[in-house]
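Peer 1: Read the sequence shown against the numbering used here and you will find it ends at 900, with the numbers running on by one and no gaps.
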Amino acid sequence: MDPPASGPSPGFASLAVDHVQEAAYLIGANGRILDANQVACETLGYRREQLLRLSFNDIDPNFNNDTCAPAEHAQRNTPVQDSYHLRSDGERFPVNIRFVPLKYAGMNRTMVFALDVSKVQQLETLRYGILESLTRGTLPAKSLQLIVNYVEETCPEAVASIMLVNEGGTHLEPGPSNRLPARFLDAIRAAPVPIGVGQGACGTAAALKQAVQVEDTANHPYFQACRDIVLDAGFLSCWSTPIISGKGKVLGTFCIYLHTTGKPSETGVKRIARRASHFAAIALERQRAERQVQESHQRYRDIFDNALDALALLEITGDQRLRVLEANPAMERTVGIPSRHMVGKTTDEIATLSQELAARINAHCHQCLARGEMVEGEAWFDLPVGRRILHCAMIPVRRPNGGYHRVVLISRDVTEHRRAEKLLHTREQEFRALVDNSPDGVVRYGADGDTLYINPVLRELIGGADTPYGEVSAALEQRIMPADRCAYQEAWRSVQQTGVEAHLVIRLGGADKRHVRYQDVRFVPEFIPEGNVCSVLAVMRDITALKETEFQLLSLVENSPNYICRTTPSGRLLYVNPALRTWMGPEFDGNAGPGVPPSPWVTPAEHAQLISAHEKAVELDCLVELEIYFSNPQEWHRLLFVPEKNELGDFASVLSVGQDITRQKQVDHELRESRSLLRELGVRREAELEAERKRIAHEIHDELGQLLTTLRLNLSLTGSQLPAEDSSLRQKLNDMTGLVDRTIETVRNIATSLRPAVLNTGVASALEWLTQEFARHSGIHCKLSTQEGIQLDEERATMVFRLVQESLSNVGRHSGADQVWIRLHHYGSGYRLTIRDNGCGFNPEAIVSQQSFGLIGMQERVLSFNGQMTLDSAPGHGTTLRITIPIHPRKAS
Numbered sequence: 008m009d010p011p012a013s014g015p016s017p018g019f020a021s022l023a024v025d026h027v028q029e030a031a032y033l034i035g036a037n038g039r040i041l042d043a044n045q046v047a048c049e050t051l052g053y054r055r056e057q058l059l060r061l062s063f064n065d066i067d068p069n070f071n072n073d074t075c076a077p078a079e080h081a082q083r084n085t086p087v088q089d090s091y092h093l094r095s096d097g098e099r100f101p102v103n104i105r106f107v108p109l110k111y112a113g114m115n116r117t118m119v120f121a122l123d124v125s126k127v128q129q130l131e132t133l134r135y136g137i138l139e140s141l142t143r144g145t146l147p148a149k150s151l152q153l154i155v156n157y158v159e160e161t162c163p164e165a166v167a168s169i170m171l172v173n174e175g176g177t178h179l180e181p182g183p184s185n186r187l188p189a190r191f192l193d194a195i196r197a198a199p200v201p202i203g204v205g206q207g208a209c210g211t212a213a214a215l216k217q218a219v220q221v222e223d224t225a226n227h228p229y230f231q232a233c234r235d236i237v238l239d240a241g242f243l244s245c246w247s248t249p250i251i252s253g254k255g256k257v258l259g260t261f262c263i264y265l266h267t268t269g270k271p272s273e274t275g276v277k278r279i280a281r282r283a284s285h286f287a288a289i290a291l292e293r294q295r296a297e298r299q300v301q302e303s304h305q306r307y308r309d310i311f312d313n314a315l316d317a318l319a320l321l322e323i324t325g326d327q328r329l330r331v332l333e334a335n336p337a338m339e340r341t342v343g344i345p346s347r348h349m350v351g352k353t354t355d356e357i358a359t360l361s362q363e364l365a366a367r368i369n370a371h372c373h374q375c376l377a378r379g380e381m382v383e384g385e386a387w388f389d390l391p392v393g394r395r396i397l398h399c400a401m402i403p404v405r406r407p408n409g410g411y412h413r414v415v416l417i418s419r420d421v422t423e424h425r426r427a428e429k430l431l432h433t434r435e436q437e438f439r440a441l442v443d444n445s446p447d448g449v450v451r452y453g454a455d456g457d458t459l460y461i462n463p464v465l466r467e468l469i470g471g472a473d474t475p476y477g478e479v480s481a482a483l484e485q486r487i488m489p490a491d492r493c494a495y496q497e498a499w500r501s502v503q504q505t506g507v508e509a510h511l512v513i514r515l516g517g518a519d520k521r522h523v524r525y526q527d528v529r530f531v532p533e534f535i536p537e538g539n540v541c542s543v544l545a546v547m548r549d550i551t552a553l554k555e556t557e558f559q560l561l562s563l564v565e566n567s568p569n570y571i572c573r574t575t576p577s578g579r580l581l582y583v584n585p586a587l588r589t590w591m592g593p594e595f596d597g598n599a600g601p602g603v604p605p606s607p608w609v610t611p612a613e614h615a616q617l618i619s620a621h622e623k624a625v626e627l628d629c630l631v632e633l634e635i636y637f638s639n640p641q642e643w644h645r646l647l648f649v650p651e652k653n654e655l656g657d658f659a660s661v662l663s664v665g666q667d668i669t670r671q672k673q674v675d676h677e678l679r680e681s682r683s684l685l686r687e688l689g690v691r692r693e694a695e696l697e698a699e700r701k702r703i704a705h706e707i708h709d710e711l712g713q714l715l716t717t718l719r720l721n722l723s724l725t726g727s728q729l730p731a732e733d734s735s736l737r738q739k740l741n742d743m744t745g746l747v748d749r750t751i752e753t754v755r756n757i758a759t760s761l762r763p764a765v766l767n768t769g770v771a772s773a774l775e776w777l778t779q780e781f782a783r784h785s786g787i788h789c790k791l792s793t794q795e796g797i798q799l800d801e802e803r804a805t806m807v808f809r810l811v812q813e814s815l816s817n818v819g820r821h822s823g824a825d826q827v828w829i830r831l832h833h834y835g836s837g838y839r840l841t842i843r844d845n846g847c848g849f850n851p852e853a854i855v856s857q858q859s860f861g862l863i864g865m866q867e868r869v870l871s872f873n874g875q876m877t878l879d880s881a882p883g884h885g886t887t888l889r890i891t892i893p894i895h896p897r898k899a900s
């Protein structure tokens, strides 16, 4: 025996039954209710403690204790059963129940799930009533009212109404409706709606013979004449469908009004509207057909023959067989049998109809007649046109004196629709294979919020691969940080309601409650063929590494001494780092418009420079650098404007990075001054050295040369006075004379090397002498070309001579060339000196990195005269040196 239930079972909540929308009961082996969820209490009208004092048989008279079989012997998946339950006030209501045996707290128990299907049966009753009224020829007003009732029961948010065309066919008059305000109906009765474009949604739909959708009645031109009436009724959008007869004549309109703006669901409200307009068309068509049946039987034939669905009228014979009385062309096309081969014959007499199919039709028709209600279903049929799936509805026709003797057969070929469903199932399997192997976490929520699927990645992350979906879903909810949990739930509910994707970033706490993982979540709606959202996919991607990088970058930006801000392409500020805020001062206005300086000490001219650089970065889509001087703080700043794009490639923002380079500017200025002074000092030292060389060369040539010449003359005179027989003394005198001659030659060479005397005759002569001497000593062929009329002052002539001298020295020592070309000619307002060889060449950058002081000295010589020197060389391609020498005086430093 089960102990009496004295309170809520502590483990019952762990079964997650309080999260389902069905009534759930935990039943003991004796049928006693041990526990129940909140839905069960609300459905039956009991308090929890009252319900726990009952047995399940008290609320379900059809319950049998044998259902509570031992869990280890019972099937785990029991079929759904139809039953009814009793509320606390004795009211009966139909339910679908499902028994799930289980082991709970070490004992055999049964979990019972009960779904209230009264609403479904109510809608089915309404639909059957509509079909029955259409079939039996009920008064059209009643059929139309049933249609309005059905639509408003199916779509509670909609206000349905039917407008009928008046006898003249020029206006629409109000027909059946339930919830249209009285003032609204009075206005329409007083002034019927004209049929024409722009006369509201209904008048326009009737004129165009097509559905008209108005997303915002407050602004749509169709409602210009009746806008106040519609808005006073609270109708913000509507969908109007014309009711068109089989001949294409407009009989009226079916309109659905909504209290919200926007488009109605393509397969929700619109689908219901189309179905309702179809039913309304049938009802109104029947009304007109019955009104004119005595005048023209052909009109009836047109309706029957032009119906889109396959229709047939069957009659029961005395021997209980079925005879075909009528078959429309759609029926001929559907079954592939001409009507002349069907009408007047019983089903077993139709030659092209198989005996098996005839027997099935007979069985269903007799069932329909026996039950006195519509019977519908679908199945495969082997027909002359091939194997097809037909959805058939059989509606019994009552005799005037009671009983049923005929059956209306309505068929529709749904073969392609079922193939599409099969294809959809295949796609679902492919989807499952994809998400099962996806590196992202995926969870699917049903329309009621139940967790339908969780892929292995997310299950492993949250609760393990073998954990049930319910427990994993609950664990996921708990792992979401409390600050993000509400946003997560609201996001998937919004997607489920609107059918629009949503995106957000959440934080998941680790199992150790110390580490946090960031997840980028996209909620994607999934639709059924009718267009309603059936489920929502939540796709989670781990972006923890990206977030950590963002935090690190943000920390760098926040603590950077540089000035950093981000603006929109139009110039509006989005972000300013602390360093820039501090520099801007307390009067900084971050909300200032693009044309307003953000700080009072930024002048309009300075702000214009900033705006120009910003616009240039956006226009050229490239980095723009700007150096600007701010007069008020007297500071130089270097700014970089970097355009940023989003994932679609569109401009999103401009990142501006600024740096105070005032001190750098000062250091650069001081460095330039120092270099200028050093260059001037070098020029002065070179001039002094040349002057000293000239003086020494002059003294050696004049003073020492004269002394040596005198000594040579004296030795020659002494030699002429020596006796001829004194050979030893004459030999010594000859040796001394040779020594003096060599000394004179050495002195002459020293004086020439210090400053060739030929320089005094002009630079052309000096270069000619220099190249000849170089060719004589090195064996390298040297060709000199000088233009006529070249006149250089002594300083420039000396500089050119020294440059050629140094270049020839380098050629002889390093190049391995056998030819050298030297050219001096006029060039613009100055002269151009070109020295080229055919040697091995070299890499100029490598020479510069090795600090070649010879080239540095030559460069400094040229710069001291405001000239330019370029060096072109490459390994294996010789070397060319070009020197440009201006003729104007040197500029002061």
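Beta carbons: idealized from backbone N, C-alpha and C, even for Gly.
(1) Mind pulling the alpha helix (DSSP H) runs of 4 or more residues that sit fully within the segment 567-651?
(2) Could you work out which residue in 809, 781, 833 is closest to residue 793 when comparing CA atoms only?
(3) Quick test of your reading: residue 545 and residue 452, contact by CB under 8 Å. State the CB separation rounded to the nearest angstrom.
(4) Can you grab the Cα-Cα spacing for the pair residue 866 / residue 620, in whole Å?
(5) Do you know offhand how far residue 889's Cα is from residue 851's?
(6) Report the residue ranges of all alpha helix (DSSP H) runs contained in full by the segment 200-224; include only those spanning at least 4 residues, in chain order.
(7) Any chance the segment 212-220 sits against the segment 181-193, with 3 or more Cβ pairs inside 8 Å?
(8) Just verifying my parser: in three-state terms, what is the DSSP assignment at residue 249?
(9) If we count the other Cβ atoms within 10 Å of its Cβ and call it buried at 16 or more, is residue 152 buried or exposed?
(10) Pick helix, strand or coil for residue 328, following the three-state DSSP scheme.
(11) Buried or exposed for residue 246, going by 16 or more other Cβ atoms inside 10 Å?
(12) Taking the straight line between their C-alpha atoms, what separation do you get for residue 11 and residue 87?
(13) With a threshold of 6 Å on Cβ separation, who are the neighbours of residue 842 within its own chain once the five nearest residues in sequence on each side are excluded?
(14) Give me, in chain order, the residues of the same chain whose beta-carbon lies closer than 8 Å to that of residue 788; leave out the 5 immediate sequence neighbours on both sides.
(15) I need the straight-line Cα distance from residue 99 to residue 93, nearest angstrom please.
(16) From the DSSP output, in three-state form, read off residue 350 for me.
(17) If you draw a straight line from the C-alpha of residue 251 to the C-alpha of residue 391, how long is it?
(18) Work out the CA separation of residue 516 and residue 487 for me, nearest whole Å.
(19) By Cβ distance, which residues of its chain are closer than 6 Å to residue 882, with the 5 residues on each side in sequence left out?
(20) Are the CB atoms of residue 551 and residue 525 within a distance shorter than 7 Å?
(21) For residue 608, collect the residues of the same chain with a Cβ closer than 6 Å to its Cβ; drop the 5 residues on either side in sequence, then sort them by chain order.
(22) Apply the 10 Å Cβ neighbour rule to residue 375 and answer buried if 16 or more other Cβ atoms are within range, or exposed otherwise.
(23) Let me check understanding here. Comparing Cα to Cα, which of 55, 468, 218 lies closest to residue 248?
(24) Which ranges does the alpha helix (DSSP H) cover as unbroken runs of at least 4 residues, wholly within the segment 432-489, from first to last along the chain?
(25) If you draw a straight line from the alpha carbon of residue 682 to that of residue 656, how long is it in whole angstroms?
(26) What residues are listed by DSSP as bridge partners for residue 63?
(27) Tell me, which residues are paired with residue 387 by DSSP?
(28) Let me confirm a value: residue 77 is counted as buried when at least 16 other C-beta atoms fall within 10 Å, else exposed. Which label applies?
(29) State the start and end residues of the unbroken beta strand (DSSP E) segment that holds residue 318.
(30) Who are the Cβ neighbours of residue 32 in its own chain at under 7 Å, not counting the five residues just before and after it?
(31) Spell out the partners DSSP gives residue 118 in its beta bridges.
(32) Beta-carbon separation of residue 90 and residue 71 under 7 Å?
(33) Residue ranges of each alpha helix (DSSP H) run of no fewer than 4 residues wholly in the segment 727-797, ordered along the chain?
(34) Take residue 804 and list the residues in its own chain whose beta-carbon comes closer than 8 Å to its own, dropping the five residues that flank it on each side.
(35) Does the beta-carbon distance from residue 797 to residue 757 come in below 7 Å?
(36) Can you name, in chain order, every residue of its own chain whose Cβ lies under 8 Å from the Cβ of residue 311, other than the five neighbours on each side?
Peer 2: Checking against the coordinates, here is how it stands:
(1) 585-591, 611-627
(2) 833
(3) 7 Å
(4) 37 Å
(5) 14 Å
(6) 207-215
(7) no
(8) strand
(9) buried
(10) coil
(11) buried
(12) At residue 11 the pLDDT is 48, less than 50, meaning the model places this residue with poor confidence and gives no usable figure here.
(13) 814, 829, 888
(14) 782, 825, 826, 827
(15) 5 Å
(16) coil
(17) 33 Å
(18) 6 Å
(19) 848
(20) yes
(21) 639
(22) buried
(23) 218
(24) 463-469, 476-486
(25) 48 Å
(26) In the DSSP output, where bridge partners are listed per residue, residue 63 has none listed.
(27) 396
(28) Reliability fails at residue 77, whose pLDDT of 46 lies under 50, so the model's placement of it is uncertain and the value that follows must be treated cautiously. So residue 77 ends up on the exposed side.
(29) 317-323
(30) 40, 43, 47, 63, 119
(31) 33, 107
(32) no
(33) 734-761, 770-785
(34) 766, 769, 770, 773
(35) no
(36) 318, 333, 335
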